[in-house]
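**Q** When we follow the numbering used here, the leftmost residue of the sequence shown carries the number 49, and every step to the right adds one.
Where a beta carbon is used, it is the ideal one built from N, C-alpha and C, also for glycine.
Since we're looking at a predicted model, the values are computed, not measured.
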Amino acid sequence: MTTQQRRDQIQIMELEGFAALEQLSLIQDEREQSQQIRDMQAIDEETQQEFNRFHNWDQQRLLDY
C-alpha cells in the first residue's frame with residue numbers, strides 16, 4: 049500500500065467515524081423527541097381525565113339537586 053493509499057484509507061476511516069457519530073447523535077435526538085411526545089401525551093391524558101372527573105362530578109351535583 050502506497051503512502052497516498054494509506055492516507056486515503058485513514059481519511060476514509062475518519063469520515064466513517066464521523067458518520068457513525070452523526071448517526072448516534074440523530075438516534076439520541078429521535079429518542080429525546082419520542083420521550084417528549086410520550087410526556088406530552090401523558091399530560092394530555094391526565095388533563096382529559098381531570099376534566100372528565102370534574103364534568104362527571106358537576107353532572108352528578110346537578111342531578112342531586
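Where does Thr51 sit, in a helix, a strand or coil, going by DSSP?
**A** Numbered from its first residue, the sequence shown carries residue 51 at position 3. In this structure, Thr51 counts as helix in the three-state DSSP scheme.
**Q** If I measure Cβ to Cβ from Gln53 and keep anything under 6 Å in the same chain, skipping five residues before and after, which residues do I get?
**A** Your numbering for residue 53 matches position 5 in the sequence shown. Taken in chain order, the list of residues that qualify is empty.
**Q** Any beta-carbon of chain D closer than 8 Å to the one on Leu69?
**A** Of the protein chains in the structure, only one exists, and it is not chain D.
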